[in-house]
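Q:
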Amino acid sequence: MESSTPDRLENARGGYPFDRAAIAAIAFLSLCLSGLTLAGTYWTPRVSEFSWNNKRISARDRTWTLAFAQPMKRASVEENLRITPELPGRISWHGNQMYYVANQPPQYGQTYTLQLSNAQAEYGEFGQVGRTLRPFQAQFTTRDRVFAYVGTFGEERDRLILYNITREQKTILTPADLLVVDFQPYPDGDRLLFSAVARDTIERDPTAVSLFTVTTGLPNRGGEPLPGRVQPILGSSDYQNLQFDLSGDGQIILVERLNRQNARDRSLWIIEEGKKARSLGILGEIFAISPDSQSVAVVQEGGISMIPLTPKAKPLAFLPGYDSIVGFSRETLANILLEPNAEGTRSLVLLSRNGVKQELLRTRALIPNCQFSPQQANILYCLKIDSEQQPSEPILSIVDLEQRTETPFLALVNDREVVLSMAPDGSGLLFDQAIPATATAPGQEAFKANIWYLPLPEITGGKPKISPPKKLIPGLNPHWLP
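Be aware that the sequence shown starts at 71, since it is given in our numbering, and climbs by one per residue.
#1: Look at the Cβ atom of G200, then the Cβ atom of A191, and state whether they are nearer than 8 Å.
#2: Could you tell me which whole beta strand (DSSP E) segments of length 3 or greater appear in the stretch 224-304?
#3: Beta-carbon separation of F210 and I127 under 8 Å?
#4: Under 8 Å, do A383 and I374 count as touching if we go by C-beta distance?
#5: Helix, strand or coil, according to DSSP, for V368 in the structure here?
#6: Can you find the residues in the same chain that come closer than 7 Å, C-beta to C-beta, to E342, ignoring five residues on each side of it along the sequence?
#7: Verify whether the separation of the beta carbon atoms of L408 and S394 is less than 8 Å.
#8: Go ahead and pull the three-state DSSP assignment for R144.
#9: I'd like to check one pair, L542 with L499: are the Cβ atoms closer than 8 Å?
#10: From which residue to which residue does the beta strand (DSSP E) around N405 run?
#11: Determine the closest residue to A172 out of S537, D495, I536, P538, with distance taken between C-alpha atoms.
#12: Three or more C-beta pairs under 8 Å: does that hold for the stretch 232-239 against the stretch 139-150?
#13: Can you tell me the Cα-Cα spacing of R423 and A404, whole angstroms?
#14: Have a look at I468 and A208 and give me their C-alpha separation to the nearest angstrom.
#15: I need the boundaries of the beta strand (DSSP E) containing I377, first residue and last residue.
#16: By DSSP, does E149 sit in helix, in strand, or in coil?
#17: What does the alpha-carbon distance come out to for the pair S417 and D502?
#18: Residues in its own chain within less than 8 Å of T415 by CB, not counting five upstream and five downstream?
#19: Using alpha carbons as the reference points, say which of A447, I505, K540, Q313 lies closest to L480.
#20: Between V396, G391, D131, G351, which has its C-alpha nearest I377's C-alpha?
#21: With respect to the beta strand (DSSP E) encompassing L500, which residues constitute its N-terminal and C-terminal limits?
#22: Judging by CA-CA distance, which residue of K345, V369, A347, S365 is the nearest neighbour of E355?
#23: Could you please give me the residues that DSSP links to P478 through a beta bridge?
#24: How would you call W163, buried or exposed, if buried means at least 16 neighbouring beta carbons within 10 angstroms?
#25: Any idea what DSSP makes of Y219, helix, strand or coil?
#26: Here's the rule: buried if 16 or more other CB atoms are within 10 angstroms of the residue's CB, otherwise exposed. What is S306?
#27: Out of R204, P141, Q177, V284, state which residue places its alpha-carbon closest to the alpha-carbon of M168.
#28: Between which two residues does the beta strand (DSSP E) containing L184 stretch?
#29: Using beta-carbon positions only, say whether L450 and L436 come within less than 8 Å of one another.
#30: When DSSP labels each residue in this structure, what does N329 get in the three-state scheme?
#31: Using a Cβ-Cβ cutoff of less than 6 Å, which residues in the same chain neighbour F388 once the five nearest sequence positions on both sides are dropped?
#32: Is the beta carbon of A347 closer than 8 Å to that of L304?
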């Protein structure tokens, strides 16, 4: 029997009971599928943050972090982590965050790739085995290999020049009317502190040396001032400015100054960032600020004084028996000093901040400079000058602190004023060499000066394999930028 008209109208309005059940089932299944999809997204482990992602880092940057969205099987992460080029380091954990501390500074002029895959989560859904990590890849870059120097030829002469080895670019920083005497880079490489005398006054008063800063345009993070902006720091109308030193944090400048009207008024002055220069009332012709920027080592009669510069510094200390400051260890804050001996030799001594003394070697030669390798904390590179040999010949030596051995490896030309500069990543040394010119004529240089690059070997116990130095460009007084 056919349905009556009222029944058909009722079914049309509300649908058949079977249709309503089917629609409800479809909605329920859709909701379940959405829930499973969301649950799957949640339970699939992933990297939520990489602290060095797309960043440009320096040699001072050693630690990065990798954060995960959920707890991970730590061993699986450590086994599957890949960094190209290699950057060996140590791993530690805090919750879902992994910390990586590089054993050595990253090499400059590089792009590093970090990859992580096949790592497993600690827990899975409903008690199952943890899922596999969603593959992760990221990159970070290091600063370009850049150094500054004093030009010696043509339009570069007596001016500060920036040379980018990575990009093979050269930039003149200081104007032609300033003759640069000396300089030091700031810790971020964004500025150089330099002393100079105006070209139009040098014949009238060669002691009119003032202090300035100049911008480098680095480290290319965006927003840096253009290179070549000169800012005066300290004039010379009342005092002659002699030697200076810049603290490792860039907040303190020490200057040896001499009163133009009173020769007995000679002392160290301090310039703190944003403050006026003031005298410390301390006499010191040979001085160096410690790596922690808290104190200054000053050579005085009978020894070396460690004089505090900040309220956080240790109290005044006197180190008797030493007559020269050779260098500092930035990692351990140890001093490298020279101690004269009764038989006419001198001991190169490593003195820790706790007063522990370690004699490294004895020599009759002069040792004006020693620098630690950033890659190997137990290796020291020293410049030695044999004063008994004529003409005196500077020699570069490798000093192994653990073995207490010295290995001479490079003889330099007859230039006692050679300047050494260690690359921030420990890849090599810069040094300058000045030799008399073969011929002189009016306006021609009386000497030729070149800057050389020496790749440094990795010391692994055997005899180091030394690569020959490479001549880069004409110039003097090279300094790597941090």
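Ideal Cβ placement from N, Cα and C applies to all residues, glycine included.
As the structure is a computational prediction, the values presented were derived from the model and not from experiment.
A: Quick answer:
#1: yes
#2: 230-234, 239-242, 248-255, 261-268, 280-285, 300-304
#3: yes
#4: no
#5: strand
#6: Q321, I322
#7: yes
#8: helix
#9: no
#10: 405-410
#11: D495
#12: no
#13: 6 Å
#14: 38 Å
#15: 373-378
#16: helix
#17: 27 Å
#18: R432, T433, R434
#19: K540
#20: G351
#21: 498-506
#22: V369
#23: S467
#24: exposed
#25: strand
#26: buried
#27: P141
#28: 181-186
#29: no
#30: strand
#31: G373, S375
#32: yes
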